[in-house]
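Numbering-wise, the sequence shown is residues 144 to 268 according to the numbering used here.
Quick reminder that beta carbons are idealized off the backbone N, C-alpha and C, glycines included.
Here the structure comes first, spelled out in structure tokens, and everything after it is commentary.
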Amino acid sequence: MSFGAAIASFFSKYATFSGRARRSEFWYAVLFTTLVSVAISTVFPGSVMFVNDVAIQQSSMPSNLWQLAIFVPSLALSWRRLHDVGRKGTYYLFILLPIVGWILLLVQFLKDSQPGANAFGEPVK
144 MSFGAAIASF
154 FSKYATFSGR
164 ARRSEFWYAV
174 LFTTLVSVAI
184 STVFPGSVMF
194 VNDVAIQQSS
204 MPSNLWQLAI
214 FVPSLALSWR
224 RLHDVGRKGT
234 YYLFILLPIV
244 GWILLLVQFL
254 KDSQPGANAF
264 GEPVK
């Protein structure tokens with residue numbers, strides 16, 4: 144899947160939690176959202192607040208709106224990616240485990256698609 148097709152799929156399947164998502168679709172969407180987040184943070188850096196002489200960087204309103212806009216499609220894409228490797232979407236809740244959960248999820252996101260049909264549908268390749 145090309146970069147443009149992956150981004151179009153990311154936004155067109157805004158809240159679609161069923162089905163499967165290819166590895167390229169997932170990682171192109173991650174790249175896109177990361178680049179846009181960095182660009183927004185660069186253009187709109189937010190403000191610095193001092194609490195007990197400690198500087199705390201606060202995010203800007205455009206940054207907050209962007210994160211809010213991509214929350215549901217990012218979650219849906221992650222669930223579809225987990226379906227593609229044969230895991231239930233609720234496997235995403237491993238993210239709540241410190242360190243180990245992130246590693247377990249990363250391994251699943253890096254795996255190749257499960258060949259053939261699985262419980263979540265036909266392969267998208």
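Return the chain-ordered list of same chain residues with a C-beta closer than 6 Å to the C-beta of residue i, the five sequence neighbours on each side being excluded.
i: residue 159; result: 219
i: residue 209; result: 183
Please go through the same chain and pick out, in chain order, the residues whose beta-carbon is closer than 7 Å to the beta-carbon of residue i, but skip the five residues on each side of it.
i: residue 192; result: 199, 201
i: residue 245; result: 238
Alpha carbons only, please: which of the options is nearest the one belonging to residue i?
i: residue 145; options: 161, 255, 163, 175; result: 175
i: residue 223; options: 152, 151, 163; result: 163
i: residue 154; options: 212, 189, 181, 206; result: 212
i: residue 264; options: 183, 230, 190, 173; result: 230
i: residue 262; options: 190, 227, 187; result: 227
i: residue 151; options: 165, 172, 161; result: 172
i: residue 148; options: 157, 168, 240; result: 168
i: residue 156; options: 254, 242, 221; result: 221
Using DSSP bridges, identify the partner residues of residue i.
i: residue 204; result: DSSP lists no partner for residue 204.
i: residue 199; result: 192
i: residue 264; result: 261
Spatial neighbours of residue i within its chain, please: C-beta separation below 8 Å, excluding the five flanking residues on both sides.
i: residue 260; result: 266
i: residue 161; result: 223, 226, 263, 264
Just confirm the distance between the C-beta atoms of residue i and residue j, as a whole number of angstroms; I'd bet it's less than 8 Å.
i: residue 216; j: residue 187; result: At roughly 21 Å, the Cβ-Cβ gap does not stay under 8 Å, so residue 216 and residue 187 are not in contact.
i: residue 234; j: residue 251; result: 7 Å
i: residue 189; j: residue 203; result: 4 Å
i: residue 165; j: residue 268; result: 6 Å
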